[in-house]
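Reviewing the structure listed below.
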Amino acid sequence: MNIKNSNILVVGLGKSGIAATEALLSQGANVSVYDKKKLNELKPNMVNFFLNKDVKCFFGEEPKDMAIYNFVVVSPGVPLEIDIIQNALKAGVEVIGEVEL
Numbered sequence: 003m004n005i006k007n008s009n010i011l012v013v014g015l016g017k018s019g020i021a022a023t024e025a026l027l028s029q030g031a032n033v034s035v036y037d038k039k040k041l042n043e044l045k046p047n048m049v050n051f052f053l054n055k056d057v058k059c060f061f062g063e064e065p066k067d068m069a070i071y072n073f074v075v076v077s078p079g080v081p082l083e084i085d086i087i088q089n090a091l092k093a094g095v096e097v098i099g100e101v102e103l
């Protein structure tokens with residue numbers, strides 16, 4: 003899997019989502035992150051982490067065009083049945099678990 007310069011969406015922003023984002027950024031990926039919680043529902047330190055990185059953030063709303071992503075990385079505990087994952091699959095985007103990184 004070629005990570006460098008790939009457009010990757012990380013779904014689920016717990017500890018493992020942060021770790022995945024850091025790993026992907028260190029490998030030269032263009033990273034976006036998504037969490038179902040809205041900005042005011044997230045912990046301030048988590049919000050600051052993502053806002054201080056070169057990361058596009060989607061808090062409480064899904065990206066409009068899933069086809070721009072090469073991969074979607076799903077954090078453990080995020081069900082594959084949720085809309086954002088199903089929309090990625092419909093757009094032909096490869097969905098992988100965090101462990102596969």
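Start counting at 1 in the sequence shown, then tack on 2, and there's your number in the numbering used here. Heads up, the beta-carbon is just placed ideally off N, CA and C, and yes, glycines get one too.
Open item on the list: Closest to Y71 by C-alpha separation, out of K92, G79 and E24, would be which residue?
Closed with: Taking only the C-alpha atoms, the option nearest Y71 is K92.
TODO: For the region 35-44 and the region 4-13, state whether three or more C-beta atom pairs, one from each stretch, are separated by less than 8 Å.
DONE: Taking 8 Å as the limit for Cβ pairs, the verdict is that the region 4-13 does touch the region 35-44.
- [ ] Report back the beta-carbon spacing between I5 and A31 to the nearest angstrom; my notes put them in contact at under 8 Å.
- [x] That belief holds up - the Cβ atoms of I5 and A31 are roughly 5 Å apart, short of 8 Å.
Open item on the list: Is the separation between the beta-carbon of N42 and that of M68 shorter than 7 Å?
Closed with: No, Cβ-Cβ distance for N42 and M68 is not below 7 Å.
Open item on the list: Tell me which residues share the same chain as V57 and place their Cβ nearer than 7 Å to its Cβ, disregarding the 5 neighbours each side in the sequence.
Closed with: Cβ within range, chain order: T23, V33, S34 and V35.
Task: Status (buried if at least 16 other CB within 10 Å, exposed otherwise) for L26 - done: Classification of L26: buried, given that the 10 Å Cβ count is 16 or more.
TODO: For G19, I'd like the list of residues in its chain whose CB is within less than 6 Å of its CB, leaving aside the five on either flank, ordered along the chain.
DONE: Sequence-distant Cβ neighbours of G19 in its own chain, meaning closer than 6 Å and more than five residues away, are V12 and S77.
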